[in-house]
Amino acid sequence: AAVHYVVNEDAEHLKELLFSIESLWMHFNERFDYPVLIFHDGLSPKTRESIVAKTPGQRIWFFSVGNWVPSEAQHALHSNFGAGYMAQSRFRSGPVFHHEALDGFDYLWSLDSDSHFPAPVDVDPFLQLHSNPELVIG
């Protein structure tokens, strides 16, 4: 099992991500130690270093997914949504599950850059899924 994010180099999203990753570590992953996979469209080395430095004990792996921002024509069809949101939604709807980074993982917890944990998580959700097949659909 693993936790994953999809991010870009946007300053506001990175600020949220740093808060989220610290919250994930403090309230969940320091105890359960699942890898954190960050799919991105070109994070700079400096940005990646700052993300890893935020929680030095956490296993964070970065994977480039190329340019997944929709074309102007595609964006015009769905003008109520930002291009970045559309791209993340499209990637998470299927392609993420075929990415080689997920080989060997049975479960994936998808978090947004603005996700956070306000309190400790005392139960391992992945262990719960493994131990109770009625919780799993599919």
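In terms of the UniProt record's numbering, the sequence shown opens at residue 1 and continues consecutively.
Ideal Cβ positions, reconstructed from N, Cα and C, are used throughout, including at glycine.
Using the beta-carbon count (16 or more within 10 Å), is Ser-93 buried or exposed? So Ser-93 counts as exposed.
What are the boundary residues of the alpha helix (DSSP H) that includes Ala-53? Looking at the DSSP string, the run of the alpha helix (DSSP H) that includes Ala-53 is 45-54.
Leu-37 - containing beta strand (DSSP E), residue span: Leu-37 -> beta strand (DSSP E) spans 36-40.
Opening and closing residue of the beta strand (DSSP E) in which Leu-108 lies: The continuous beta strand (DSSP E) containing Leu-108 extends over residues 108-110.
Quick check: the Cα distance between Leu-127 and Val-7, rounded to an integer number of angstroms? The C-alpha of Leu-127 lies about 27 Å from the C-alpha of Val-7.
Asp-106 to Phe-117 span [Cα, whole Å]: Spanning the alpha carbons of Asp-106 and Phe-117 requires a straight line of approximately 23 Å.
Using beta-carbon positions only, say whether Leu-108 and Ala-1 come within less than 9 Å of one another. The Cβ atoms of Leu-108 and Ala-1 sit closer than 9 Å to each other.
Among residues of its own chain, excluding the 5 on either side of Ser-20, which ones have a beta-carbon nearer than 8 Å to its beta-carbon? So the qualifying residues of the chain are Tyr-5, Leu-111, Asp-112, Ser-113, Asp-114, Ser-115 and His-116.
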